[in-house]
Amino acid sequence: MKKLFSICMILVFFLLPLGSHVALAEDTKTEEKQEQKGARISENLFSGYTDGIYKDKYYEIDTYQPKEDEKNVFQKVGGYLFGDDSVGKDLQRMLYTTCQWFANMAFQLNVILGQLTIFLVDQALNLDIVDTVADKLGAAMQNIAGIGKGGFLSSGLFPAIIGIACVLSACYAGYIFFIKRQPSKGLSELVKTVFVIAFIVTYIGNAGTILKSANTISSEISVTVLAKATGTVAGDPGRSKADAIFSVKKQIWDLLVERPYLFLQYGEDSKEKLGAKRVDELLATALGKDRDDKVQDEVKDGNQMMVISSVGERLVFTVMYYVVNTFAGVPVIAFCLLIVAFQFWFLVMSIISPIVMAVALLPGHRRVIESWASQWIRPLALKIFMSVMLVIIFTVAELLYVLPEAGVAGYVSTMIFQILVFVLCYLFRGNIVAAFSRARGVY
Numbered sequence: 001m002k003k004l005f006s007i008c009m010i011l012v013f014f015l016l017p018l019g020s021h022v023a024l025a026e027d028t029k030t031e032e033k034q035e036q037k038g039a040r041i042s043e044n045l046f047s048g049y050t051d052g053i054y055k056d057k058y059y060e061i062d063t064y065q066p067k068e069d070e071k072n073v074f075q076k077v078g079g080y081l082f083g084d085d086s087v088g089k090d091l092q093r094m095l096y097t098t099c100q101w102f103a104n105m106a107f108q109l110n111v112i113l114g115q116l117t118i119f120l121v122d123q124a125l126n127l128d129i130v131d132t133v134a135d136k137l138g139a140a141m142q143n144i145a146g147i148g149k150g151g152f153l154s155s156g157l158f159p160a161i162i163g164i165a166c167v168l169s170a171c172y173a174g175y176i177f178f179i180k181r182q183p184s185k186g187l188s189e190l191v192k193t194v195f196v197i198a199f200i201v202t203y204i205g206n207a208g209t210i211l212k213s214a215n216t217i218s219s220e221i222s223v224t225v226l227a228k229a230t231g232t233v234a235g236d237p238g239r240s241k242a243d244a245i246f247s248v249k250k251q252i253w254d255l256l257v258e259r260p261y262l263f264l265q266y267g268e269d270s271k272e273k274l275g276a277k278r279v280d281e282l283l284a285t286a287l288g289k290d291r292d293d294k295v296q297d298e299v300k301d302g303n304q305m306m307v308i309s310s311v312g313e314r315l316v317f318t319v320m321y322y323v324v325n326t327f328a329g330v331p332v333i334a335f336c337l338l339i340v341a342f343q344f345w346f347l348v349m350s351i352i353s354p355i356v357m358a359v360a361l362l363p364g365h366r367r368v369i370e371s372w373a374s375q376w377i378r379p380l381a382l383k384i385f386m387s388v389m390l391v392i393i394f395t396v397a398e399l400l401y402v403l404p405e406a407g408v409a410g411y412v413s414t415m416i417f418q419i420l421v422f423v424l425c426y427l428f429r430g431n432i433v434a435a436f437s438r439a440r441g442v443y
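Next up, the structure:
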């Protein structure tokens, strides 16, 4: 029974098609493989956002193994039954090939996640939702409120209630003035009514311009600080905003993808030691015979990581870089998503402003505007705060990457320091916020 089970398992292994990229030794009877340069999901999924970083590069985990004599399934099973040692080697090779397939699949997933992170960073720093829809949103607010740049429109919320609101305010002021005998408070109520109406007409009449201006200030602050901070550390204080954003994206790619790739392929992450030309030539070669030849040359030159027996070390390192990338990438993704989310929050608070201001016209409800204004400005303030957190993270990361370290110790220490920065930013977020608020009673 056990023998039958073993035979079935062997058949499953031999008939299982695996898609890992394993370069076999040359066989004169084998047709030459053509380079596969067609469209790729990983290249087109985030097209335009990873140009200059990923485009026309092939991040494949290559493995070389000598080509064994071909045997059919019955010969292999017969060899197993009669103690042929080659079957054990075949099983070992199949196991290595399967593990290599998992290692390569895990890395391809890591490449997609790295591209996703770069895409979100680009959206957080470049995407300006408010600026895009400000004019249409302003027009919608004006139609709801019935207020244009020239004053009240023929239809809308405020033309219908402004008369009633003024009468109620006048009656309330008269009650305070004559009945409660508080003339100053009654006069103040009339003045507040005038100011509220003036504010409503000014704000809604120029809604598009005000929304754009408020959002532009918050966006310019974050991107300008990012450009100056990272540029100064990198020795380029005049770095433009576009260059700063590209530098941040390249930094993330190096952290999440490039360095793990170099370790998996060459056993170290210093392109200077490995030779940039050597690495870039393999990256630029599509899957096919040319790449297989380069992999074979690598092994002949002593590259032990591309030998199939190194797959165990690759699997262990795969677990390691996934843990590291989780701690390093998740906070960045969270900050970027929050920056975009705060723009939507700002839009929501702007959309409800006509209704809030209609309530503020009622006597005794003037402070509703103050409450709304604090909630209206809060998403912009939080957007700036999230941007400051990103500036801290990327600036410190720039500092870490200019350290003269390479090899495993350099990679591990950089990752630990990077994670430590994330943890400190989270633990001391209250202190960072406090730095932007003045102490009570000072003024």
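Going by the numbering used here, the first residue of the sequence shown is number 1, and it counts up by one from there. Quick reminder that beta carbons are idealized off the backbone N, C-alpha and C, glycines included. Being a predicted model, the structure only gives us computed values, none of them experimental.
For the beta strand (DSSP E) holding residue i, just list the boundary residues, first then last.
i   : result
Y64 : 63 to 65
For residue i, list the residues DSSP reports as bridge partners.
i    : result
I432 : According to DSSP, I432 bridges with nothing at all.
I151 : According to the sequence shown, residue 151 is Gly rather than Ile. In DSSP, G151 forms a bridge with G148.
Looking at residue i: is its Cβ nearer than 8 Å to the Cβ of residue j?
i    : j    : result
S387 : I339 : yes
I112 : S42  : yes
G267 : M320 : no
G146 : F158 : yes
P363 : Y172 : yes
I393 : V332 : yes
A328 : L264 : no
S453 : A227 : Residue 453 lies beyond the stretch modelled for the chain, which goes from 1 to 443, so this question has no answer here.
N206 : V130 : no
F107 : I61  : yes
G151 : V201 : yes
Q296 : Y59  : no
Which word fits residue i, buried or exposed, when buried means at least 16 other C-beta atoms lie within 10 angstroms of its C-beta?
i    : result
G312 : exposed
A198 : exposed
L109 : exposed
R367 : exposed
R429 : exposed
V408 : Unreliable positioning characterises V408 in this predicted model, as indicated by a pLDDT of 45, which lies under 50. A coordinate reading is not provided.
V423 : exposed
P183 : exposed
E272 : exposed
D269 : buried
L361 : buried
S154 : exposed
K249 : buried
R181 : exposed
Q100 : buried
D27  : Low local confidence applies: a pLDDT of 44 at D27 is under 50, so the model's placement there is unreliable, and no value is given.
I164 : exposed
K383 : buried
N104 : buried
T318 : buried
Specify, as a first and last residue, the run of the alpha helix (DSSP H) that residue i falls within.
i    : result
S169 : 157 to 174
M305 : Taken as a continuous stretch (DSSP letters only), M305 belongs to no alpha helix (DSSP H), as it is neither H nor E.
P260 : 259 to 266
H182 : Checking the sequence, you will find Gln at residue 182 rather than His. Where Q182 is concerned, there is no enclosing alpha helix (DSSP H), given that its DSSP letter is neither H nor E.
I245 : 241 to 253
D280 : 276 to 283
Y49  : Segment: none, Y49 is in no alpha helix (DSSP H) and carries neither H nor E.
G312 : 311 to 351
Segments assigned alpha helix (DSSP H), at least 4 residues, entirely inside the segment 85 to 132: 85 to 126
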